[in-house]
Structures are given as C-alpha cells and as structure tokens.
Amino acid sequence: MEKFKEKIKNLFKNGRGAIIALFVLHLIVTIFITPNRYDDEWFIDQIASGQSILAFAGSRYFSWTSRLLLEITECFVLKVSKYLWILIESLMVALAGYSVSRLFIKKEERAQNNAMLLFMLLLYPFNSMNGSGWATTTIVYMWPLATCLFALIPIRKIWDEEKIKFWEYPLYSIALIFAANQEQTSAILLGTYILFTILMIIKNKKIHPYMIVQTVLAIASIVFILTCPGNYVRKSEEATRLFKDFEMYNVLDKISLGLTSTMGILIEKRNLVYTILSLMVAVYVWSTYKEKTYRVVSIIPILTIAVLGIFQNTTSAMFPFLNSTRKFVIEERVMLGASNCNNLLNVVPLLLACTNFICLALSILLIFKNLKNNIAILVFLVGLASKIILGFSPTVFSSAERSTIFFEFAMIIVTFLIWQEFTKKTEKNDKKILKRMEVIIKIAGILQYANVLMCVLLTQK
183 MEKFKEKIKN LFKNGRGAII ALFVLHLIVT IFITPNRYDD EWFIDQIASG
233 QSILAFAGSR YFSWTSRLLL EITECFVLKV SKYLWILIES LMVALAGYSV
283 SRLFIKKEER AQNNAMLLFM LLLYPFNSMN GSGWATTTIV YMWPLATCLF
333 ALIPIRKIWD EEKIKFWEYP LYSIALIFAA NQEQTSAILL GTYILFTILM
383 IIKNKKIHPY MIVQTVLAIA SIVFILTCPG NYVRKSEEAT RLFKDFEMYN
433 VLDKISLGLT STMGILIEKR NLVYTILSLM VAVYVWSTYK EKTYRVVSII
483 PILTIAVLGI FQNTTSAMFP FLNSTRKFVI EERVMLGASN CNNLLNVVPL
533 LLACTNFICL ALSILLIFKN LKNNIAILVF LVGLASKIIL GFSPTVFSSA
583 ERSTIFFEFA MIIVTFLIWQ EFTKKTEKND KKILKRMEVI IKIAGILQYA
633 NVLMCVLLTQ K
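Residue numbers (our numbering): 183 to 643.
Right under this line is the structure:
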C-alpha cells in the first residue's frame, strides 16, 4: 500500500499533476460529445458504405486532399467508437500541454510553473473545434498541433545537449510525420527545423544527425503536399464555390488578405487569447519602462481589441463611426487591391493589422531586451505566419476560426514566457501587479472552460 501511495505521489511530481488535470478537464468536456454531425457524419457514411479505409483514402488523394494520414486516422477512430476519439482527443490536449512545458519551462521550475500554464491553456476557445464536426476538426487541427509541439522537443534537447533516449527517436519521427500531414503544421515544422539546423551549425560547427533526419522528413512532407493532385482539384473547386475571384489576386494581395483576415477574426470574435497577450504586454512594459514611446507602442493592441471588440457595444453608441470601421475591418473580402487602392478607406484594415502586429512584436523584443536567443518573438512570428499563409487558400474565410489554433497557441506560449519573465522581477510593486495579472488569467481560464462546457451541453442532443 505504501509503495502504491509513493507511486501515485511520484506521478504528480514535477508539475505532472497540472498535465493530468488538463487531461481530466478535457475528458469531462469531450465525454458529452457525440461526433456525428457535419463532416463527421459524412465520414461515418463513407465507412458504412463498405468501402475499405485505404481505398477511400486513395481516392481522396487524387480527388481532394493530401491529408491521407489524418483521414485514415479519422475513419479508423470513428469506425471503432466515439469513446476512442474522446480518449485520444483528451490525450492529445494533455500532450500539447506536456510539450509546451517541456519546450519552454526549465526542469527545476516545472513544479511551480505548470499550474499557471494549465490556466493559460484553458484560455483557448475549444468550442471553435466544432466548425466542421468535432472529430474532423480536432483531428485536422488539434492533433497535428499536439504532435507538432511534441516533434519539436528534440530541438530543445539537442540545443541543451540533453541525451535523447533510443526509444524516443521513433516517437518524435512518427509525431512529425503525422503533424506534417496538415499544411500549416508542415510549414511550421519545416521552417523551425531548417532554422535551428542552421543555428546549431553556427553555434557548434556541427549538426546532430537526428536534426537532418527530421528536416528530411519535413521536406518530404511538404513535397508530398505540393505534388498531391487532389489538392489542386480541391483548390479549384473551393475557389469556384467560396472565393470566385481568388485566382485573380497576386502574392501581395494574398499576404494582405492573410493579415486583414487574421485581424478581422480576432476583433470579430473578441479573441480572449489575443486580449490576454495584449494586456500582459501592456502591463509589463508600463511597469518596467517610463519612456512614453515604449508605453504608447505597447498599449495600441489592447486599445484596439478593447474599442473595436470587447467594449464595442459601448463605444459604438458614443463613437458611431468607429463601429462602422469595425464592420469594415471584419468584412470578408480582399481589403486592398489594384482595383480599389484609390480609396484610402481600404488602407485602414491593412494598416490596423500591420500596426497591431508590429507593436506586439516590438513590445516582445522590448520585454526580452534583445533579438538573440529571443524565443518569444520567434514563437509569435511563426504563429502569425501560420495564419497569414491562409491568405493563399480560398478557404481563408470559411475556416477562419478553427485555423487560428496555431496562432492562438503561439500567443498563449508568448504570454506564458512574458509571465515567466515577470516572475523574475523583485520589486514589491511588480509582485503586486503580477498577482493581479495571475488572478485575471485564472478567472478568464475558468470562465472560458465553463463556456466551452456549456457550449457542448447546449449543442449536443
């Protein structure tokens, strides 16, 4: 009995209790979900038709998508039982939490920091995973996110000169192959592995062989996506159905579209993750620096989301033309192009998006004081890029909310890194400010979790 108690006690050591709590909390939410609507229902019908899963996936490769691994996984999971999806989904969320902890928290600090990480992860609006069916959306977005983060752990271990156990190699590679079957995570993995391969060569004058293996797998995944005939069929059909003028836009138009659509969805949904990050940035800068320029730059993002998003109902009554601006910003169209560039009003959404993202980036640089070894700015820019590249897809608006998951998790990570930086400050006044921020984040995380739970209870039969 004593040995059993000791094992249980060890299980919750070093911050693992927070990861287990994350698993349990997500399990409570998903246990009430039956994935049988929208795309989930369509996949269930395909399975029920008697066609083998491999034959189905093969036909989809030529007619619709390169996401073979994701669709084979979905068909298999839905064929077995909804409870298998519930279990794996909860494990994937826990894996995401574990991976963030492993990547961004030092071993000796995990016990006290993982609890705060738990509340920050609860900020994510999981209800957006119901966009095209719970199973389909989570398998296409949440599972690649979790496995992508897990597949990045070798970079941290090799950078820190930590030994990778022999049985971990196949796990990391399998995770990378699975995650890279989704377009956004494939780009994240390829970019990150190439960047750190170069940095390690500069730093050590040599490179770990496993970095080459993972980079080659990431390159192969991108090639597989780019050469899939079904992707081109799908893009053509979706452009005709969802975005008729899409092929008329050039590269700059699509980058502009990516920026404005990202800012539009953050404002329209009054995005909680973006709000908390903007607030954390402003609070840190104002408590640390007295320079007016720094303070003005840091407060622009939180002011934008507050005026055009959170308090929009109040500000629209007092400043009606600001409300008109908001409607213009969240409109689903290319804001600035060759055909409408003569109207200065069309510059506003792009200017607003660029100003906000640049102000956040500059403030992050200011908080961590330099560009070298500034992992926070890298995470922010990678997350932002993962959303901006949707401007090159005709589904930029139809998949807007669910495809923001990678950017939102990047913002959660940056918020957490700033919080860690805040804890290093020793002044008494700074500690009081930090405590207030912690309370705000914990309350917001609890309310978001309650909101997700109520969404599930109210929308399920």
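C-beta atoms are modelled at their ideal positions from N, C-alpha and C, and glycine is treated no differently.
Here Glu290 is exposed: its Cβ has fewer than 16 other Cβ atoms, across all protein chains shown, within 10 Å. Closest in C-alpha terms to Ile201, from the list Phe258, Val262, Val259 and Ser283, comes Ser283. When the alpha-carbon of Tyr392 is set against those of Asn386, Tyr375 and Phe406, the nearest one is in Tyr375.
Assigned with DSSP and collapsed to three states, Thr608 falls in coil, not helix or strand. DSSP places Cys257 within a helical segment (H, G or I) once states are collapsed to three.
Distance from the CA atom of Leu424 to the CA atom of Asn413, rounded to whole angstroms, is 15 angstroms. Uninterrupted alpha helix (DSSP H) stretches at least 4 residues long and entirely within the region 204-251 occur at 221-230 and 235-245, given in chain order. From the listed residues Lys195, Phe214, Gly197 and Leu204, the smallest Cα separation to Met636 is found for Phe214. Secondary structure note for Ala400: its alpha helix (DSSP H) is the uninterrupted segment Pro391 to Leu408. Here Leu371 is not near Gly279, since their CB atoms are 8 angstroms or more apart.
The beta carbon of Ala421 sits closer than 8 angstroms to those of Phe428, Glu429 and Pro576, all from its chain and outside the five residues before and after it, given in chain order. With the rule of 3 Cβ pairs closer than 8 angstroms, the region 550-569 counts as touching the region 583-600. With contacts defined by Cβ atoms closer than 8 angstroms, Val415 and Ala328 do not form a contacting pair. C-alpha of Trp316 to C-alpha of Ile254: approximately 16 angstroms in a straight line. As the crow flies, the alpha-carbon of Thr247 is around 7 angstroms from that of Cys410. Secondary structure note for Tyr306: it is in no alpha helix (DSSP H), with a DSSP letter that is neither H nor E.
Counting C-beta atoms within 10 angstroms of its own C-beta, Thr496 has fewer than 16 neighbours from the protein chains shown and is therefore classed as exposed. The beta carbon of Thr319 sits closer than 6 angstroms to those of Met311, Gly313 and Arg584, all from its chain and outside the five residues before and after it, given in chain order.
Put simply, the region 335-346 does not touch the region 612-632. Fewer than three CB pairs are less than 8 angstroms apart. Taking the Cα positions, Tyr306 is about 12 angstroms away from Thr457. A contact between stretches requires three or more CB pairs, one per stretch, nearer than 8 angstroms, and the region 350-357 meets this requirement with the region 390-405. In the three-state DSSP reduction, Glu590 falls in the helix class (H, G or I).
Scanning its chain for C-beta atoms nearer than 6 angstroms, with the 5 sequence neighbours on each side dropped, one finds around Phe360 the residues Leu251 and Thr329, in chain order. Inclusion of Leu572 and Val578 in the CB contact set at 8 angstroms is warranted, their separation being smaller than that value. Residues of the same chain with a CB within less than 7 angstroms of the CB of Lys264, apart from the 5 flanking positions on each side, are Thr216 and Pro217 in chain order. The C-beta separation of Arg477 from Val467 comes to about 6 angstroms, placing the pair in contact by the 8 angstroms criterion.
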